[in-house]
Ligand SMILES: [Zn+2]
Ligand SMILES: [Zn+2]
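Residue numbers (our numbering): -15 to 279.
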């Protein structure tokens, strides 16, 4: 196999995902229209921001840095928080998300990589969601299969997504007389923005930015990606040192997820935060500098 243009397996359209994503985008736009021409409430705007932060960290701190890569330990309350707001992010159960993500790291930039950037930017961003993939391979998530809370969320994923993704923001909106805003803005507009933030880790963070730690895969570090993804934009570091609970490794790197996990460790809710020794990080940077100088 040494053809110049790789041939990728064609996959049938996943109509359920396509219709759902179209509908959520329409509902998200309706949320903007509601704020402009319907009713604007600061309470609703605040709820949407809090929901974005909770659901965002459910994915970055929970699905990604706790379940996919066990980079620290957390008590059951933190796990439950991640699993409920992870479900509200409607990106599959933690079990399935992590199975896909571990495959992404094992097979990065190869055919088996679920969001392979070599198939193009849009494929890595959302094309892979809109087509039918093979069932996830649960052989690489034995630790999660053995976790009763993760199993519980996997089993009840759809009702949890409906209750925490839509009904709860709708119900909270009733408290200040704006249930429609609660549903459309904190529910759907937040969901759509969050989708593109998560998708950007698979597309933008494998496309734009620098490679200070490794050039053996397409992952890149970029401040802009870090801003829109709660710190996941230091993706070159993450692919090189995936066992580290930090993605932005320096204190000044914008990585709210790291600060959140570290903050919880101060009250004993998280512990065993794994850090790569400084000398290994410096060594990786030195190797990359040498490579560039030689080139
Ligand atoms: Zn990862
Ligand atoms: Zn990646």
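Backbone N, C-alpha and C define an ideal beta-carbon position, used for all residues, glycine too. Small disclaimer: the values here were computed from a predicted structure and weren't measured.
Excluding five sequence positions before and after residue 138, the CB atoms of its chain that fall closer than 6 Å to its own CB belong to 77 and 79, given in chain order. Around the beta carbon of residue 97, 16 or more other beta carbons sit within 10 angstroms, so the residue counts as buried. Taking C-alpha positions only, residue 265 is separated from residue 155 by approximately 47 Å. Look at residue 188: its beta carbon is at least 7 Å from all of the heavy atoms in ligand 2. In this structure, the straight-line span from the alpha carbon of residue 75 to that of residue 198 is close to 29 Å. In the three-state scheme derived from DSSP, where H, G and I count as helix and E and B as strand, residue 121 is classed as coil. Straight through space, the alpha carbons of residue 176 and residue 249 are spaced by roughly 31 Å. Distance from the CA of residue 36 to the CA of residue 136, rounded to the nearest whole angstrom, comes to 24 Å. When rounded, the separation of the alpha-carbon atoms in residue 60 and residue 129 is 16 Å.
Exclusion of the five residues before and after residue -4 leaves 115 and 116 as the residues of its chain whose Cβ lies within less than 8 Å of its Cβ. Beyond the five residues adjoining it in sequence on each side, residue 1 comes within less than 7 Å, by CB distance, of 113 and 114 in the same chain, given in chain order.
Note: residue 115 is bridge-paired with -3 in the DSSP secondary-structure output. For residue 44, the three-state secondary structure derived from DSSP is helix.
Sequence-distant partners of residue 12 (beyond 5 residues in either direction) whose C-beta falls short of 6 Å from its own C-beta, in its chain, are 172, 173 and 176. Exclusion of residue 9 from the 7 Å shell around ligand 1 follows from its C-beta lying no nearer than that to any non-hydrogen atom of the ligand. Relative to residue 93, the option among 40, 18 and 190 whose CA is nearest is 190. The alpha-carbon of residue 152 is positioned some 12 Å away from that of residue 32. Annotation: residue 3 to residue 141 spans about 19 Å, alpha carbon to alpha carbon. Remark: the C-beta of residue 203 is in contact range of ligand 2, defined as less than 7 Å to any heavy atom.
For residue 23, the CB contacts under 7 Å within the same chain, skipping 5 residues up- and downstream, are 162 and 165 in chain order.
Here residue 6 is exposed, its C-beta having fewer than 16 other C-beta atoms within 10 Å. Distances taken from the Cβ of residue 124 to the heavy atoms of ligand 2 include none shorter than 7 Å.
Per DSSP, residue 99 is not a residue of any alpha helix (DSSP H), being assigned neither H nor E. Note on residue 68: 16 or more other CB atoms within 10 angstroms of its CB, so buried under the neighbour-count rule.
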